[in-house]
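The working numbering puts the first residue of the sequence shown at 307, with every later residue one more than the last. Following: one structure in structure tokens, then a few remarks.
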Amino acid sequence: PGIRQPNSRFWTHFLAWAEPVAAAVDGRIGCAPGHLLHLWHGDLADRQSGIGRQLLHEQGFDPACDIRIGPSGCIEWASDKPEIHQWLPEFFRRRREDGA
Numbered sequence: 307p308g309i310r311q312p313n314s315r316f317w318t319h320f321l322a323w324a325e326p327v328a329a330a331v332d333g334r335i336g337c338a339p340g341h342l343l344h345l346w347h348g349d350l351a352d353r354q355s356g357i358g359r360q361l362l363h364e365q366g367f368d369p370a371c372d373i374r375i376g377p378s379g380c381i382e383w384a385s386d387k388p389e390i391h392q393w394l395p396e397f398f399r400r401r402r403e404d405g406a
């Protein structure tokens, strides 16, 4: 199953966040005039978004168990899965988000 399947750990984690947000917003969405600055994330061909999510899924990554918010307020590892811990930084380097 893919990450959007009902039994996916990713999907379950996402819904746990999204459902309360959707209830709080209750369809009230608006806009404001102005300009938006968007930082460049590199070429689309290098981003590999779908591939990264699929590989995390195949490696058994579970956001509810494998990561947490640490004392500094940043996300940190909460599980002992060295293969994922080693793979993820390399994946982000290959994305070349700054074009380097």
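Cβ atoms here follow ideal geometry from the backbone N, Cα and C, with glycine treated the same way. Just so we're clear, the structure is a prediction, and the values are computed from it rather than from any experiment.
Check, Outcome
"Phe367 beta carbon less than 7 Å from that of Ile335", "no"
"Best match in Leu350, Ala328, Leu321 and Gln392 for proximity to Leu362 [C-alpha to C-alpha]", "Gln392"
"For Cys371, the nearest candidate out of Ala324, Gln354 and Lys387 (CA to CA)", "Lys387"
"Distance CB(Asp373)-CB(Ala384) smaller than 7 Å", "A small fix is needed here, since residue 373 is Ile in this sequence, not Asp. Yes, Cβ-Cβ distance for Ile373 and Ala384 is below 7 Å."
"Runs of alpha helix (DSSP H) lying entirely within the stretch 344-372, each at least 4 residues, in chain order", "350-353, 355-364 and 369-372"
"Any C-beta of chain D under 7 Å from that of Gln392", "Protein chains in the displayed structure number just one, and chain D is not present."
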